[in-house]
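*Asks:* Residue numbers (the UniProt record's numbering), protein chains in the order written: chain A, 1 to 442; chain B, 1 to 442; chain C, 1 to 442; chain D, 1 to 442. Even for Gly, the Cβ is constructed at its ideal location relative to N, Cα and C.
There are 4 protein chains.
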Amino acid sequence: MKACNSESPTPKSTEISTVGPAKIANPIAFGRFVEEDDAVLVNISRRTVEGNPKSRKKPEHIYFEPAGPRDKIYYDPSKTKCAVVTCGGLCPGLNDVIRAIVMAACHEYKVPSVLGIQYGLAGFVPEQGYDVVELTPSFVSRIHEFGGTVLGSSRGPQDPEVIVDALERMNVSILFMIGGDGTMRAAATVVAEIEKRGLSISVVGLPKTIDNDINYVSPSFGFDTSVETAAMAIKGAHVEATGAPWGIGMVKVMGRDAGFIAAQSALSCQEVNFCLIPEDPFDIHGEKGFLAALDERMKRRGNAVIVVAEGAGQDLLAASGKADASGNVQLSDIAALLKKEILEHFGKQGIEATLKYIDPSYIIRSVPANANDRIYCSFLGIHAVHAGMSGRTGLVISRWNGRYVHIPMAVVTRGKKRINTCSNYWRAVLESTGQPVTMKND
Amino acid sequence: MKACNSESPTPKSTEISTVGPAKIANPIAFGRFVEEDDAVLVNISRRTVEGNPKSRKKPEHIYFEPAGPRDKIYYDPSKTKCAVVTCGGLCPGLNDVIRAIVMAACHEYKVPSVLGIQYGLAGFVPEQGYDVVELTPSFVSRIHEFGGTVLGSSRGPQDPEVIVDALERMNVSILFMIGGDGTMRAAATVVAEIEKRGLSISVVGLPKTIDNDINYVSPSFGFDTSVETAAMAIKGAHVEATGAPWGIGMVKVMGRDAGFIAAQSALSCQEVNFCLIPEDPFDIHGEKGFLAALDERMKRRGNAVIVVAEGAGQDLLAASGKADASGNVQLSDIAALLKKEILEHFGKQGIEATLKYIDPSYIIRSVPANANDRIYCSFLGIHAVHAGMSGRTGLVISRWNGRYVHIPMAVVTRGKKRINTCSNYWRAVLESTGQPVTMKND
Amino acid sequence: MKACNSESPTPKSTEISTVGPAKIANPIAFGRFVEEDDAVLVNISRRTVEGNPKSRKKPEHIYFEPAGPRDKIYYDPSKTKCAVVTCGGLCPGLNDVIRAIVMAACHEYKVPSVLGIQYGLAGFVPEQGYDVVELTPSFVSRIHEFGGTVLGSSRGPQDPEVIVDALERMNVSILFMIGGDGTMRAAATVVAEIEKRGLSISVVGLPKTIDNDINYVSPSFGFDTSVETAAMAIKGAHVEATGAPWGIGMVKVMGRDAGFIAAQSALSCQEVNFCLIPEDPFDIHGEKGFLAALDERMKRRGNAVIVVAEGAGQDLLAASGKADASGNVQLSDIAALLKKEILEHFGKQGIEATLKYIDPSYIIRSVPANANDRIYCSFLGIHAVHAGMSGRTGLVISRWNGRYVHIPMAVVTRGKKRINTCSNYWRAVLESTGQPVTMKND
Amino acid sequence: MKACNSESPTPKSTEISTVGPAKIANPIAFGRFVEEDDAVLVNISRRTVEGNPKSRKKPEHIYFEPAGPRDKIYYDPSKTKCAVVTCGGLCPGLNDVIRAIVMAACHEYKVPSVLGIQYGLAGFVPEQGYDVVELTPSFVSRIHEFGGTVLGSSRGPQDPEVIVDALERMNVSILFMIGGDGTMRAAATVVAEIEKRGLSISVVGLPKTIDNDINYVSPSFGFDTSVETAAMAIKGAHVEATGAPWGIGMVKVMGRDAGFIAAQSALSCQEVNFCLIPEDPFDIHGEKGFLAALDERMKRRGNAVIVVAEGAGQDLLAASGKADASGNVQLSDIAALLKKEILEHFGKQGIEATLKYIDPSYIIRSVPANANDRIYCSFLGIHAVHAGMSGRTGLVISRWNGRYVHIPMAVVTRGKKRINTCSNYWRAVLESTGQPVTMKND
């Protein structure tokens, strides 16, 4: 019986900090303001709601604060300057988030200025010499039709003191940081430095991850688009596999520690026979190993499609020992290993398998957001502006149980989300692929 | 102050009926079975969870039963015959649902036969002479790459006695009905007739609506795809509007009683200036009316894009008095009225406006499902099979608060979902379009 | 035996005028210049090449001048100002042509200024008050990713004197006119006025038509893209037709006098059963008429897809008597007539046909150009600049027999291209649809 | 001054062989038959048509025979059996060609049987055990919606005696061979073997090459589709390049000996800065080398997009010495070399360039054909049937100067088509990229 991955850890506190009391009437013209006692239950299954029936202890209910406009805001819009920065790798929807922030700040709150910090946190460092961009509604008007980020991005942290110096120098009141868990951790240090200096600067995070592996962010923006694009590559692999005798199509997709793209695109295509993810270790050789299962499939059906997440099977490879500027360990190439092993396996039997390998790589993250992600990103950006204007800080905007919520940065940076290999979700993948429940020799 | 639409009515009972006790061990090989006391809270805001703090009454919690496989099932798979029928208008994803049902029944439960009833409920009527199709895994293998339904569809009810006669004659144990609220009401009468006859036949519904207007189905399958397609038409309207002096692009989209497609595609495009929906009545003339607002926009910016749901502004038109076979009243043509009024309005001022009208009509519902809908439909189909095999009946499969659930048919057919015009969602549309909060003269 | 449409009329003269002798060395750095005696044979079939074997007369060979850079140019690039105008209805690729002209003029010839005239010929008229746009390489850099024209367009002629006044006032040396046959006729009057005044201004035309009906332009730019988009609508009609009992899908596409879009998209889809075009008159009633053929198809196969060009069957309708600003007679609605007749025809037999009508209208002309058209438009724009810089005037750029050529404006405006209904091309359409060779009762 | 590549060699003979005299009246119902003396001039420039004006020698005109139906055919349709085989690597449009052959044979000529040979020439070899497929109109009806080939394919030659044995055994009258130049050479040996045995079997070739490098095939089917798909990958590279400081996007595309995909997709994207092809050798180092040019671009604009054909710069690499089953030499990896050199070049200057490498590989050849290729493939298939039925053999179907023609196999297999680096076409690429005319030192 294999071990399951645990779910996201229950947050201890979901309270959101503020830079000060909100006293100014919100100028936005219409709609309902979020009511003070409104809150979104985090865990909605009956057991958590009702608590242990045998215990006398009242069940403890944990809530997230709903996102949305408040009737009182902290910052005086006419004197507020905002700044936006995009960090880490590209992801579909970055321009949509930027656009939504600018539109909401300028049109709803009439904020006079939104600055764009170029090339990630490096853009705060004077020595780098990157200009700051004035993000006007007209400038951002059509950027959502392009992939990538109009601001540029870069990896790696920067000194929080340098960042806060820059914020002070530029008179920024609200900083919107779009980035991965590394960026959210950097954001927390910026918040601490701001607090230390006693400044009234809000920092609002917008969690970004092509791997969909951030806790309580479900799914992350751009994920749907990247799955759609990965599915196209898989479709190609299927065509190649069925177009040759002993045809095998193999596709490597992103997914360092979590196999969401691999699993979701396998579900979407319905033509995948093996989905290999980091959360589900496997053996290559042995009676129950991957090659045995592939051998069985090939002899039964004559072709196979394999989708492998880049982080799958890393235990089978020598560690590369290298890391990128964000501190991500450079992965060893599981696809190369599998390719070699597969061809050898069939070669020994005198069978010349035709293996076609496709690595869509950056194609899946550089496309513009699809309609679904476009709308999602708009809401994230709008809600980030509402949160910032209300004086909230140290939080991220997310969607949970179908509602937009505020989550403390500390909650989303504690660990990473994984596919639970005991879940119905993973079972659906196994059903769809028809691969063995485990390819581990006990 | 305009009236808001109320939210979906709170269900009175969420209990699911069964045709008998489930006593057979579930043969599916892996994954966790749904535990008996698991349940999904329907309303997850703090007030409902905690109840009125001033009252001593314990808050009442309403749950939906989670979808998924049970450890015991009712039907003996080796003796089970399933049937699938698709009813009403087309919708992206129908073939995906059919495929998922067949794959889950045949591969997971080893059910020997799944029948396809052709052309909707008419397919049950011997006089119509439609053959029944044997839906094998090989037959359905690639149907998800095509739009529409491989079974064909038709509108209108049929005598439940005739339907149950046919089910008896064909020895069907589980009937999967894919259709709109009319179909779900028909399903309820079939359930009643089955019960009256004391038969062991389960009926599982899969709610379908291009308009996304079914209660507790959020969103309905295919909606995402249709929005994506509608967005393409709107993009064309934007190009036309900006390509001519005094250019106006107008797009009519589906949405009889609810403007979800109009609103969602407006959000997705970010280039719409007026979004007209059934839920938000407007005047054409008068100081605050639509023409005044359009006039202001045109004189300020020189062009405008209008998206109008087919059901918008019906109070401005003489009722057509006709209805289709499903009982849907035939709508009067709001787009034709608007076109006439707009050209007259500017004509009187000596301005020759260039109005380009686009009606994507059936294009948006006949496309194949996108990746997102494809996955959604797969899960709906799989869960329908789990529900049916467990002996449940009279229910529909839906997703609520991010989880797949069982909902009694009576709950989803009570009224229709509407856009709440006081919600943050509608406010986001208004922000995105920049149209007045109301275009009603008091 | 029905009459065939004749081919494009043989041009009398293919000589291109110039504003003066080209004496300046061409500054472009690389590539081969077009040699003086190079020429492209217009009619390449053996009979034309060899002439009548029985006659002693030497065969007369007609050539088009090849497009491309000349070693000598007329205009001194450093003192040259260009202008671009887009006229008439939208068409995929307009922005690509504009971009290519600007890039070639600015980068290859180092022309200091390219002006954009807004909203068609109206942009030359001072009373209209449209600003002139400075088209820099940076401004046009990404416009090809959008449909439509960044300059705007309008219909209708303007006084050539007013246009030449404006060209003189702005010091324009080369005017690039992108438009249909009406625009090319207007261009000819501008050329005449320039000549009358003895000015050194070149006018180069780029023929545009969504209907692909200009002589010696084969195909026109954007045609491929519009066919691709029309095909999508037809695919939808096919899905609808096969998704209902007695299902009929009908799509109306552009094509006022020529059915190229209808025919080409029918060939592309391979799922069309009737393709109705202006060149092939048909009867609705009678033994051989359309309804009889449709009746036969429906009873044999149960569904049908009809593609009808907007200009088809106009003889069956009362003339509308109206015309648009370009002088195009407003067509009567053949689709509405067909719909009515079809439903009546089957209704009389007690059959309730399900007819789904799709009019993609402006969607097919407002999309961005596909890869193929993008390249085509680039070459058209580049060659237009080469032609203009060499001092040529009164010509259009086209592709003939696979090569880019110069054609006198008079040649392309003489009559319109039609589908030859005796050609192998039309036969391929008939084969693909399976419709009768004629639906005319003798 | 660098050397140009020569154009395709002038064919010595363009006469098409037949298996015997065509005496049977063609049964197809409509359209014009090709007239006996019709012919398409091969070289249409004035000099070839007129001949040397100084010489008294009459110019020699070379013609291709036009494709199309003849009034007399050789095979009696009711007794004719056809066979289709697809060989070599996949290419968009294979299924469209198969479909068109089946439809034309069965519907136009009422041929009773079209056989599908599976997995290329290997399918003729009894030892391989591949079943022959009966290709009915119903079987092929929707195959054009899928990429790849429904018949499967394989590489490598087979003994022509074995192939002809199989044709005799199966009573095949006409064999349609779809494949690259290797396949066309194999076809020629099959034709020779048939002739040697005195059999009445026609062999008609349909030239296929993803690289577009077959003489007198312009362009090859599927090329347009693959360019469209490659353009998508390049767009991603552009997004990545502009999204990072010192960003470089590099895309490798197919093109073993000819850089058509690289050049065409660079033209299509307009965002490529370096296009490296086999026909244009370059140095990496040195004053005029690639790195110097890249360095200049990077310092001027901050980013660059590079498209490299897989066969470019092979002289810079050690030969791999390996070959695949078709005899294609395995190329060394130019992209890996460039990546290493680029990072080192900037690394030495203390600049950390961000190089994102994308290899779309098989994605670009496994997609379904676009509308344009779909129509092209239909005509190729139809004309192949006309040619075969008329008793012609040893020919291929192609399009030349805009007309469909018959070309002897020997003409298309003599050498391969290359990009002429002195042509206006290549100059347009250089203009579009802005790269130096040559990156060769001296």
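#1: Could you give the first and the last residue of the continuous beta strand (DSSP E) run that contains Asn303 (chain B)?
#2: Measure the C-alpha to C-alpha separation of Phe124 (chain C) and Ile382 (chain C) and round it to an integer number of angstroms.
#3: Within the region 272 to 360 of chain C, note down every full beta strand (DSSP E) run reaching 3 residues or more, in order along the chain.
#4: Below 7 Å CB to CB, which residues in the same chain sit around Val305 (chain D) once its five sequence neighbours on both sides are set aside?
#5: Below 8 Å on the Cβ atoms is my guess for Lys322 (chain D) versus Gln330 (chain D); work out the distance and round it to an integer in Å.
#6: Grouping DSSP H, G and I as helix and E and B as strand, with all else coil, what is Lys417 (chain C)?
#7: Which residues bound the alpha helix (DSSP H) around Cys82 (chain C)?
#8: Can you check whether the CB of Leu380 (chain C) is closer than 8 Å to the CB of Phe221 (chain C)?
#9: Quick one: what does DSSP say Val227 (chain C) is sitting in, helix, strand or coil?
#10: Straight-line CA distance for Ala100 (chain B) to Glu287 (chain A)?
#11: May I ask whether a heavy atom of the ligand FMN can be found less than 7 Å away from the beta carbon of Arg70 (chain C)?
#12: Could you give the first and the last residue of the continuous beta strand (DSSP E) run that contains residue 445 (chain B)?
#13: How is Ile210 (chain A) classed by DSSP in three states: helix, strand or coil?
#14: Give the secondary structure of Gly89 (chain B) by DSSP, where H, G and I count as helix, E and B as strand, and everything else as coil.
#15: Mapping DSSP to helix, strand and coil, what is Trp400 (chain C)?
#16: Identify which residue in A:Gly302, A:Ile334, A:His345, A:Ala371 has its Cα closest to the Cα of Pro245 (chain A).
#17: Suppose you measure from the CA of Gly311 (chain A) to the CA of Ile334 (chain A); what does that come to, to the nearest Å?
#18: Please determine, among D:Ser423, D:Asp37, D:Glu108, D:Met170, the residue with the shortest C-alpha to C-alpha distance to Ala428 (chain C).
#19: Alpha helix (DSSP H) containing Ile364 (chain B): first to last residue?
#20: Beta carbon of Val396 (chain A), beta carbon of Pro207 (chain A): below 8 Å?
#21: Considering Val97 (chain C), what are the terminal residues of the beta strand (DSSP E) in which it resides?
#22: Taking 8 Å as the CB-CB cut-off, is Ser143 (chain A) touching chain D?
#23: Buried or exposed, going by whether 16 or more other CB atoms sit within 10 Å of the CB of Asn441 (chain C)?
#24: Can you give the Cα-Cα distance for Ser138 (chain C) and Ile98 (chain C), rounded to whole angstroms?
#25: What span of residues does the alpha helix (DSSP H) with Tyr425 (chain B) cover, start to end?
#26: For Met170 (chain C) versus Phe282 (chain C), is the C-beta distance shorter than 8 Å?
#27: Given this structure, state the Cα-to-Cα distance separating Val111 (chain B) from Lys348 (chain C), to the nearest angstrom.
#28: Could you tell me which of C:Ala67, C:Met389, C:Met298 sits nearest to Gly434 (chain C), measuring between CA atoms?
#29: Below 8 Å, how does it come out for the region 59 to 78 of chain B and the region 19 to 28 of chain B: are there three or more Cβ pairs, yes or no?
#30: Taking the beta carbon of Lys196 (chain A) as the centre, do at least 16 other beta carbons fall within 10 Å, making it buried, or is it exposed?
#31: Which bits of chain D does Ala244 (chain A) rub up against, with CB to CB less than 8 Å?
#32: For Ser268 (chain A), name the three-state secondary structure that DSSP assigns.
#33: Would DSSP call Ile163 (chain A) helix, strand or coil?
#34: Just to confirm the assignment, what range does the beta strand (DSSP E) spanning Pro11 (chain A) have?
#35: Counting Cβ pairs closer than 8 Å, one from the region 210 to 218 of chain C and one from the region 115 to 131 of chain C, do we hit at least three?
#36: Alpha carbon to alpha carbon, how far is Ala262 (chain B) from Ile419 (chain A)?
*Replies:* Reading it off the structure:
#1: 303 to 309
#2: 24 Å
#3: 274 to 276, 303 to 309, 354 to 358
#4: Ile234, Ala237, His238, Ala241, Gly249, Glu271, Val272, Asn273
#5: 4 Å
#6: coil
#7: Segment 81 to 86 is the beta strand (DSSP E) holding Cys82 (chain C); no alpha helix (DSSP H) there.
#8: yes
#9: helix
#10: 31 Å
#11: The ligand FMN is absent from the structure shown, which contains no ligands of any kind.
#12: Since the first residue of chain B shown is 1 and the last is 442, residue 445 (chain B) is not available in this structure.
#13: coil
#14: coil
#15: strand
#16: A:Gly302
#17: 8 Å
#18: D:Glu108
#19: 363 to 366
#20: yes
#21: Run containing Val97 (chain C): none in the beta strand (DSSP E); it sits in the alpha helix (DSSP H), 94 to 103.
#22: Here the sequence assigns Ile to residue 143 (chain A), which means Ser is not the residue at that position. With 8 Å as the cut-off, Ile143 (chain A) does not count as an interface residue toward chain D.
#23: exposed
#24: 13 Å
#25: 424 to 433
#26: no
#27: 45 Å
#28: C:Met298
#29: yes
#30: exposed
#31: Tyr119, Gly152, Ser153, Ser154
#32: helix
#33: helix
#34: Counting along the chain, Pro11 (chain A) falls outside any beta strand (DSSP E), and DSSP gives it neither H nor E.
#35: no
#36: 35 Å
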